[in-house]
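Colleague: In full-length UniProt numbering, the protein residues as written are 1 to 167. This is the structure I have questions about; it appears just below.
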């Protein structure tokens, strides 16, 4: 099989050798770009450069053009896939951003709720302490009341005894 380079025809093995040498010199490139001017001329519809070429060369050119067309279709399909994937990626990023904002809002709400719980817990402890103090005061008052009632009863009893004794 023959390939067309920028200025001449060569065998496939020669083309592979050229590509290999190019890769060694420029490892970033995987292959040579072949005959870019042919593509532009073909796109313009000019086929005059093919006039007078041997049939084998024309057949090779036709094969290369078919291969080029197939590769273009593959490229278009891959570009569509890339665009589709980019759209999906954009939607996923938007969804992620929405979820991140929701998480942030929930984290803020959670923090506020934790602070409120801490305040309520402190208030509950303070109220428990106040209740214990009030219960202690009430107990003292009840004990005082019981003592005073006992004293009053004793005094009443003494007064009654003394009144009965005088009568």
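Ideal Cβ positions, reconstructed from N, Cα and C, are used throughout, including at glycine. Keep in mind that this is a model prediction, so the values were computed, not measured.
Residue 50 and residue 58 look like a contact to me (Cβ under 8 Å); what is the Cβ gap, rounded to whole Å?
Modeller: With 8 Å as the limit, residue 50 and residue 58 qualify as a contact, their Cβ atoms being about 6 Å apart.
Colleague: For residue 141, count neighbouring C-beta atoms within 10 Å of its own C-beta (all shown protein chains included) and say buried if the count is 16 or more, exposed if not.
Modeller: Residue 141 is exposed by the Cβ-count criterion.
Colleague: Measuring only the C-alpha atoms, how far is residue 131 from residue 150?
Modeller: Answer to the nearest angstrom: the Cα atoms are 28 Å apart.
Colleague: Using three-state DSSP, classify residue 53 as helix, strand or coil.
Modeller: Residue state, collapsed to three classes: coil.
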